[in-house]
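Counted the way this note's numbering counts, the sequence shown spans residues 903 to 1367.
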Amino acid sequence: KSCPAAAPGRLPFSTVTPDDLDFFRKILPGRTITDPDLLQSSNVDWLKTVKGSSEVLLRPRTTEDVSQILRYCNRRNLAVNPQGGNTGLVGGSVPVYDEIIVSTALMNNILSFDSVSGILTCQAGCVLENLTLYLEERDYIMPLDLGAKGSCQIGGNVSTNAGGLRLLRYGSLHGTVLGLEVVLADGRVLDCLSTLRKDNTGYDLKQLFIGSEGTLGVITAVSILCPRKPKSVNVVFLGCETFEQLLQTFQLCRGMLGEILSAFEFLDSECMRLLNTHLKLPNPISGSDPRHDGEKLHNFLEEAMTSSLVNDGTVATEESKAKTLWSMRERVTEALTHDGYTYKYDISLPVDRIYQLVTDMREHLGDKAKSVVGYGHVGDGNLHLNITSPTKDPEVLAAIEPFVYEWTASCQGSISAEHGLGLKKRNYIYYSKPRQAVALMSDIKAMLDPKGILNPYKTLPDNLK
Ligand code: FAD
Ligand code: 2HG
Ligand code: ZN
């Protein structure tokens, strides 16, 4: 029996001909890449687990370029793989076969910034970290932040509806994105690039493209509401003995810090072990006492320490130490890549159930797995359960799945909290969505992309139930 995550056979799209290349070279001179060496990194995903065989990479600069590309591809029945920073974790960002890669990397202009409202409008290929730096100079920040900030692009973030490390405070992109410009499969440009906070004139079409993983259109520009840069930032790294204590600390923290709390993240001791083993990052809290370090969080820390919820910890008030502490959390994904083949699960659960899945999985796998780690966005009820084995092992996979999906469905959780479905998770959608919802998604796809040229084999399941 074939693995449900494996790609189905190649669909009957056309293949690229010399005439097609002539056309692309005419509209994108010097930006039609066919050199196999240059194409290699765009054909492989960040995790190096999905590899396509595209022979053409197109690098448009303008919306009009994208429109011409799609109009042509649609007419010729050529499949297209939209690509941003290629940091996606579910195999959605790379071709499965020979789809043409349309990269937004050169679409990296900031179009406008209103320093009164905090509304930024930019092209889709702007790298998240560059946007953050631009805004910080103007006393604003982006409403999202993630470990992949140095490579991921805002268009990719919107297409995956990325959550990240600040969602707890600033909410999801479904709220902060005010407008989108999207090129549809047939090349039509949908201009919904509004910069209004409020606009109830009909259906909110932009929402369809947020999180649709490049299957409904190519996002070419984004307008987004950005918060003011906080006056001071403190990062606290605390150690708890049990997940139960961690949850009690979270409750205390919410109660005492309220709206100034920007993030509440966690990583377990297995993550700490991997950070130390593979990236040589030492435990930042051993031997320090947060009561001596900072003023700002004094009351909360006093309470957390005296009630014995927290064993030890450290506080960062200056930027460089804050960065060091954040890297402990942000670099777990990287540490895992050094541990072996990684089986990734990105699960939404009621917050009090989060760690039970890690403990149950550990027990269920016994010594079949090399490491079983839990980390994630506690404040959002989002667990990152990661399992490694020395090499990809079908037996380990068979022990994990469908166990992990059944466990999640039994709690009415989501099998993809923030990374999307891409190639890897598309056939598991029914664990989290009813049949009618998936059928309606498929109708929307058929309406917007009747030939199915946009990111085929991704997001929607191979067969409708
Ligand atoms: P890509 O990986 O290039 O593409 C992702 C998907 O979007 C693909 O399906 C692609 O076809 C589509 N796409 C890209 N650009 C466009 C466009 N302009 N129009 C239409 N479709 C497009 N995710 C989180 O949610 N939270 C995290 O905290 C987080 N942390 C991460 C940390 C690391 C170290 C890594 C490697 C990844 C992390 N991710 C996280 C995964 C996350 O999905 C991506 O990092 C990010 O949102 C993808 O942006 P990208 O530009 O790299 O898009
Ligand atoms: C994070 O929160 C990312 O660090 C990546 O979403 C999670 O690698 C993962 O499983
Ligand atoms: Zn995450």
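For each residue, glycine too, the CB sits at the ideal point set by N, CA and C.
Short check: CB of Pro1045 to CB of Pro1129, under 8 Å? Here residue 1045 is taken as the residue at index 143 of the sequence shown, counted from 1. Here residue 1129 is taken as the residue at index 227 of the sequence shown, counted from 1. Yes, the pair counts as a contact, with Cβ atoms nearer than the cut-off.
Option nearest Ala907 by Cα separation, candidates Val952, Leu1069, Thr917: Locating residue 907 in the sequence shown gives position 5, counting from the first residue. Checked all of Val952, Leu1069, Thr917; the closest Cα to Ala907 is Val952.
Near Ile929, what residues of its chain come up, given a Cβ to Cβ distance below 6 Å and the 5 sequence neighbours on each side ignored? One-based indexing of the sequence shown puts residue 929 at position 27. So the qualifying residues of the chain are Gln970.
If you draw a straight line from the alpha carbon of Thr1216 to that of Leu1140, how long is it in whole angstroms? As a position in the sequence shown, residue 1216 is number 314, starting the count at 1. As a position in the sequence shown, residue 1140 is number 238, starting the count at 1. Spanning the alpha carbons of Thr1216 and Leu1140 requires a straight line of approximately 6 Å.
Ile1249 and Gly1322 look like a contact to me (Cβ under 8 Å); what is the Cβ gap, rounded to whole Å? Counting from 1 along the sequence shown, the entry for residue 1249 is found at position 347. Counting from 1 along the sequence shown, the entry for residue 1322 is found at position 420. Actually they do not touch by this definition, with Cβ atoms about 13 Å apart.
Determine, using beta carbons only, whether Pro1358 and Cys1313 come nearer to each other than 8 Å. Here residue 1358 refers to the residue found at position 456 of the sequence shown. Here residue 1313 refers to the residue found at position 411 of the sequence shown. At least 8 Å separates the beta-carbon of Pro1358 from that of Cys1313.
What residue from Asp1269, Val918, Ile1289, Gly1116 has the CA that sits closest to Leu1259's CA? Within the sequence shown, numbered from 1, the residue matching residue 1259 stands at position 357. When only C-alpha atoms are compared, the closest one is Ile1289.
Taking C-alpha atoms, which residue in Glu1205, Arg1255, Gly1113, Val1298 lies nearest to Leu1149? To locate residue 1149, count along the sequence shown from 1; it is residue 247. Answer by Cα proximity: Arg1255.
Along the alpha helix (DSSP H) that carries Gln985, what are the first and last residues, could you check? Against the sequence shown, residue 985 aligns to sequence position 83. Following the DSSP letters along the chain, one finds Gln985 in no alpha helix (DSSP H) but inside the beta strand (DSSP E) bounded by residues 982-985.
Rounded to whole angstroms, what is the Cα-Cα separation between Ser944 and Gly987? On the sequence shown, residue 944 is found 42 positions in, with the first residue counted as 1. On the sequence shown, residue 987 is found 85 positions in, with the first residue counted as 1. Between Ser944 and Gly987, the C-alpha separation is close to 9 Å.
Residue span of the beta strand (DSSP E) that contains Glu1083, given as start and end: Residue 1083 sits at position 181 when you count from the first residue of the sequence shown. Boundaries of the beta strand (DSSP E) harbouring Glu1083: 1079-1085, taken from the DSSP string.
Would you identify the three-state DSSP class for Val1260, choosing helix, strand or coil? Residue 1260 sits at position 358 when you count from the first residue of the sequence shown. Val1260: helix per DSSP, three-state reduction.
Smallest Cα separation from Leu1285: which of Gly1276, Pro1292, Ser1291? As a position in the sequence shown, residue 1285 is number 383, starting the count at 1. Among Gly1276, Pro1292, Ser1291, the Cα nearest to that of Leu1285 belongs to Gly1276.
Cβ of Leu1183 within 7 Å of any heavy atom in the ligand FAD? Residue 1183 sits at position 281 when you count from the first residue of the sequence shown. The answer is no for Leu1183.
Excluding the five sequence neighbours on either side, which residues of its own chain have a C-beta within less than 6 Å of the C-beta of Tyr1245, listed in chain order? Translated into the one-based positions of the sequence shown, residue 1245 becomes position 343. Cβ within range, chain order: Ile1289, Ile1302.
Rounded distance between the beta-carbons of Ile1002 and Gly958, thought under 8 Å: Here residue 958 corresponds to residue number 56 of the sequence shown, with the count starting at 1. Here residue 1002 corresponds to residue number 100 of the sequence shown, with the count starting at 1. Note on residue identity: the sequence assigns Val, not Gly, to residue 958. About 5 Å separates the two Cβ atoms, so the contact holds.
Taking all protein chains shown into account, do 16 or more other C-beta atoms lie within 10 angstroms of the C-beta of Met1263, making it buried, or fewer, making it exposed? For the purposes of this step, residue 1263 is taken as the residue at position 361 of the sequence shown. The residue in question, Met1263, is buried, as its Cβ has 16 or more Cβ neighbours within 10 Å.
Taking just the CA atoms, how far does Ser1096 sit from Val1060? In the sequence shown, the residue the question calls residue 1060 occupies position 158. In the sequence shown, the residue the question calls residue 1096 occupies position 194. Rounded to the nearest angstrom, the two C-alpha atoms are 15 Å apart.
Count the other CB atoms, across all protein chains shown, that sit within 10 Å of the CB of Gly1066; report buried if there are 16 or more and exposed otherwise. In the sequence shown, residue 1066 corresponds to position 164, counting from 1. That one is buried.
Alpha carbon to alpha carbon, how far is Asp1195 from Cys1142? What you label residue 1195 is simply residue 293 of the sequence shown in a count that begins at 1. What you label residue 1142 is simply residue 240 of the sequence shown in a count that begins at 1. With a pLDDT of only 43 at Asp1195, under the threshold of 50, the placement of this residue in the model should not be trusted, and no figure is reported.
According to DSSP, simplified to helix, strand and coil, what is Thr1216? Along the sequence shown, read from residue 1 onward, the residue named residue 1216 stands at position 314. It is a strand residue.
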